[in-house]
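A short worksheet on the structure shown next.
Residue numbers (the working numbering): 52 to 365.
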């Protein structure tokens with residue numbers, strides 16, 4: 052495996068074009084393509100050195116920070132990348148959310164944002180949201196007044212267009228997150244429809260400080276992208292134990308094949324734990340066989356996020 056990266060010409064050329072606000076989408080596509088190739092071609096340590104010493108020190112870095120998505124991930128105003136506000140930026144054009152962070156940006160910032168909005172990660176995030184909305188609605192058709200738990204819920208945007216919630220066909224919808232600012236949005240916007248909120252962390256759940264049970268659907272969308280395998284497995288066991296007989300556990304995770312990983316790491320400082328389909332299935336290996344009905348895996352339409360689905364025996 053190659054252990055050095057010798058050329059930064061593509062960074063120089065990219066910066067020159069972006070300074071002129073010239074061919075922004077084409078330039079960004081080229082930068083992302085080269086970065087992703089480098090990431091897969093060199094060792095992990097060499098890649099991290101290149102990111103720290105070349106990408107972060109290059110004038111291109113400051114130009115790219117004019118994109119509100121990149122800037123939000125990199126600056127971490129809530130202490131972590133990929134927060135609920137950033138997810139809203141990925142949904143915004145479809146749903147018209149009020150986004151002060153996007154208002155008043157430069158011409159370059161706007162064009163960068165338009166490019167990023169159509170890039171693989173945001174597309175996958177929007178597809179993920181639609182899938183969860185459909186899952187909740189379909190559950191309410193099959194099961195009268197089902198109980199649902201969303202862990203690491205963010206702003207719970209999947210609930211906003213869910214007919215089952217709007218029509219009062221859900222028994223309980225509990226949204227858990229450690230970010231109280233996110234929960235305040237949930238309480239304000241869908242609390243009146245019956246959604247409950249609970250401030251708790253993954254650590255709280257792992258330590259048994261949040262005893263919960265009797266759910267027909269437990270799901271988590273972005274959480275597992277940050278969990279190591281031992282933690283992910285243990286949490287899987289705990290969440291499975293919260294299910295009613297016949298209930299389902301649904302876990303989403305980004306796949307390693309996503310084509311803008313290099314950009315996300317290099318310029319947004321957004322490092323996820325990517326899992327192959329086999330690695331995602333492996334998280335269910337420690338579940339009690341006698342209680343598991345089925346274990347399935349499916350991939351969203353863009354083939355960038357996979358879902359592990361485990362159903363409990365009735």
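Backbone N, C-alpha and C fix where the C-beta goes; we use that ideal spot for every residue, glycine too. On a predicted model such as this, the values are computed, not experimentally measured, just so you know.
Where residue 327 is concerned, there is no enclosing beta strand (DSSP E), because DSSP gives it neither an H nor an E. Annotation: the continuous alpha helix (DSSP H) that includes residue 232 extends over 231-241. By DSSP's assignment, residue 224 forms a beta bridge with 199, 246. Sorting 329, 193, 363 by C-alpha distance to the C-alpha of residue 280 places 329 at the top. Taking every protein chain shown into account, the CB of residue 206 has 16 or more other CB atoms within 10 angstroms, so this residue is buried.
Taking residue 354 as reference, the option from 307, 190, 321, 345 with the minimal CA-CA separation is 307.
Within the same chain, Cβ atoms closer than 6 Å to the Cβ of residue 268 are found at 190, 199, 299, the five residues on either side in sequence being excluded. The three-state reading of DSSP puts residue 96 in helix, counting H, G and I together.
Counting the other CB atoms within 10 Å of its CB gives residue 271 a total of 16 or more, which places it among the buried residues. According to DSSP, residue 299 shares a beta bridge with 268, 362. Selection 248, 61, 168, 201 evaluated against residue 110 yields 61 as nearest (Cα-Cα).
Rounded to whole angstroms, the gap between the alpha carbons of residue 197 and residue 347 is 21 Å. Between the C-alpha atoms of residue 292 and residue 261 there is a straight-line separation of about 13 Å. Along the region 160-218, the alpha helix (DSSP H) occurs as fully enclosed runs of 4 or more residues at 171-193, 214-217, listed in sequence order. Burial state of residue 258 is exposed, judged by a 10 Å Cβ sphere holding fewer than 16 other Cβ atoms.
Residue 74 and residue 160 have their C-alpha atoms roughly 13 Å apart.
The Cβ atoms of residue 324 and residue 276 sit closer than 8 Å to each other.
For residue 256, the enclosing alpha helix (DSSP H) starts and ends at 253-257.
For residue 154, the closest of 131, 185, 120 by C-alpha to C-alpha distance is 120.
Using a Cβ distance threshold of 8 Å, residue 87 and residue 312 count as a contacting pair.
Residue state for residue 357 is assigned as strand, using DSSP reduced to three classes.
A residue is called buried when at least 16 other Cβ atoms come within 10 angstroms of its Cβ; residue 177 meets this threshold and is buried. A direct Cα-to-Cα measurement between residue 133 and residue 320 gives close to 10 Å.
Nearest C-alpha to residue 223 among 232, 212, 233, 194: 194. Bounds of the beta strand (DSSP E) holding residue 348 are 343-350.
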